[in-house]
Amino acid sequence: MLIPALLLAALTACGDEPGQDAAAAPAGAAVAPAGPSAGTASRYEAIELTDELLEAWARGLRKEAEIVRRPGRGAHYGVMVSEHGDEGPEVLEAAGIPAADYNAVARTVGPVFHILNSQGKLGRQFVSMDLERLDDEQRRRYTGDPFEDLSPRSAEVLRRHMDRLAPLWHEAVAITAQHG
5 MLIPALLLAA LTACGDEPGQ DAAAAPAGAA VAPAGPSAGT ASRYEAIELT DELLEAWARG
65 LRKEAEIVRR PGRGAHYGVM VSEHGDEGPE VLEAAGIPAA DYNAVARTVG PVFHILNSQG
125 KLGRQFVSMD LERLDDEQRR RYTGDPFEDL SPRSAEVLRR HMDRLAPLWH EAVAITAQHG
């Protein structure tokens, strides 16, 4: 359980924070709290998901999986997506959005996919939770509706893109999970 939890944290918490420069954010990329437990769900605010942001994230995920599979590169860690370093800029170029937006989408969508995977509803399950060890709030999150913390609009947009995004996310995360 520890490795998948660390993996999720690494994939969803790397890079720039959303909302650092609201003027530079693409139209419709407003950062706002979402859902009933948004205040406690994360130290980050959720980004309002749009078709454009999810399409960009899909391009970035494809590049992340490509990078992790490169010969000679260790597959035990994911790609840190930021404007600095060797790999992050490649992902951002493929995605076509700033690091702050890319990472905000990852922090918004990643927990939803993580919960769906732990519930056995998203690809081959590599996240499992001992529900007895979780506190009441964590248990509620892992057994409830994973879309609950998203705004209704973000949930609708994400549901429309599930068939495309889920396999890409699963591939990018599974590569590192099996070698981590």
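Heads up: the sequence shown begins at 5 in our numbering, then just goes up one per residue. Just so you know, even glycine gets a beta-carbon here, dropped at the ideal spot from N, CA and C.
message: Going by DSSP, what residue range makes up the alpha helix (DSSP H) through F117?
response: Counting from 1 along the sequence shown, the entry for residue 117 is found at position 113. Note, F117: alpha helix (DSSP H), A103 to S122.
task: Could you check if S122 is buried or exposed, using at least 16 other CB atoms within 10 Å of its CB as the buried criterion?
output: In the sequence shown, counting from the first residue as 1, residue 122 sits at position 118. Answer is buried; the Cβ neighbour count reaches 16.
- request: Under 6 Å Cβ to Cβ from E68, same chain only, skipping five residues before and after it: list those, please.
  value: What you label residue 68 is simply residue 64 of the sequence shown in a count that begins at 1. Contacts found: V83, V95 and A176.
- prompt: The alpha helix (DSSP H) with E94 in it runs from where to where?
  reply: Start at 1 with the first residue of the sequence shown, and residue 94 comes out as number 90. Counting along the chain, the alpha helix (DSSP H) containing E94 begins and ends at G92 to A99.
Classification of R77 by the beta-carbon crowding that lies within 10 angstroms, buried from 16 upward: Walking along the sequence shown from the start, residue 77 turns up at place 73. R77 is exposed by the Cβ-count criterion.
task: State the DSSP-derived secondary structure class of E175, mapped to helix, strand or coil.
output: The residue you call residue 175 lines up with position 171 of the sequence shown. E175: helix per DSSP, three-state reduction.
field: Selection from E87, F130 and G100 that minimises the alpha carbon distance to L58
entry: Taking the first residue of the sequence shown as 1, we reach residue 58 at position 54. The shortest Cα separation from L58 among E87, F130 and G100 belongs to G100.
field: I71 vs E97 beta-carbon contact at 8 Å
entry: Mapped onto the sequence shown, residue 71 falls at position 67. Mapped onto the sequence shown, residue 97 falls at position 93. Going by C-beta atoms, I71 is not nearer than 8 Å to E97.
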